[in-house]
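Reading through the structure tokens given below for one structure.
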Amino acid sequence: MSPRPLLSLAVLIPLAAFTAGCGPSLPPSKPLAQLSPVERQGYDIYQTRCAGCHYAESQSSLHGPGLQGLYKKRFLPSGAPANDDRVTDAIRNGRALMPPFRNNLDDSDLNALLAYLHTL
Ligand code: HEC
């Protein structure tokens, strides 16, 4: 028997399982207890600056869109690509009803915050 059919099954079965799992729920966020020191610093900033308007543990809207899985999707709620450039831009300059944070967060705060957002 040629190894080919077996090989394609070995590829297709996990692929099908993966695709079936791709509903609205994304892979879980990194548990708080496992955050690195920088991610933990970002978490603290998030609690102070962002949590009043954004859920971190869900995609449901509060005042702004829920941010769970922010970087696990291709696009941000606005339709911009989900990358550090676009997220930094939203944080620095604000958007519609979201205030700008360029005067409240320095570069190290911003980096820590992005590190935390990547764990969501
Ligand atoms: C006063 C409420 C408020 C606060 C505080 C706030 N946001 Fe927002 N945020 C919003 C709203 C409203 C939107 C949707 C804006 C729009 O319609 O484009 C938004 C959008 C976003 C987006 C999506 C941008 C996009 O391109 O889709 C990100 C990411 C985000 N906020 C992150 C943050 C982070 C991180 C913080 C903390 C530094 C924060 N927000 C603080 C209200 C807020």
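The sequence shown maps to residues 18 to 137 in my numbering.
Glycine is no exception: its CB is placed at the ideal position from the N, C-alpha and C atoms.
Asked                                                                                               : Found
Close Cβ partners of Gly-40 (< 8 Å) along its chain, the five nearest in sequence each way excluded : Residue placement at Gly-40 cannot be trusted, given a pLDDT of 49 that sits under 50; the coordinates are not used to answer.
Three or more C-beta pairs below 8 Å linking the region 58–66 and the region 124–136                : yes
Gly-69 CB to nearest heavy atom of the ligand HEC below 7 Å                                         : yes
Stretch-stretch touch, CB-based, cutoff 8 Å, three pairs: the region 39–58 with the region 105–112  : no
Near the ligand HEC: Gly-86 beta-carbon under 7 Å from a heavy atom                                 : no
Nearest-angstrom Cβ-Cβ length linking His-71 and Gly-83, presumed shorter than 8 Å                  : 6 Å
Separation of Leu-137 from Glu-74, as counted between CA atoms                                      : 7 Å
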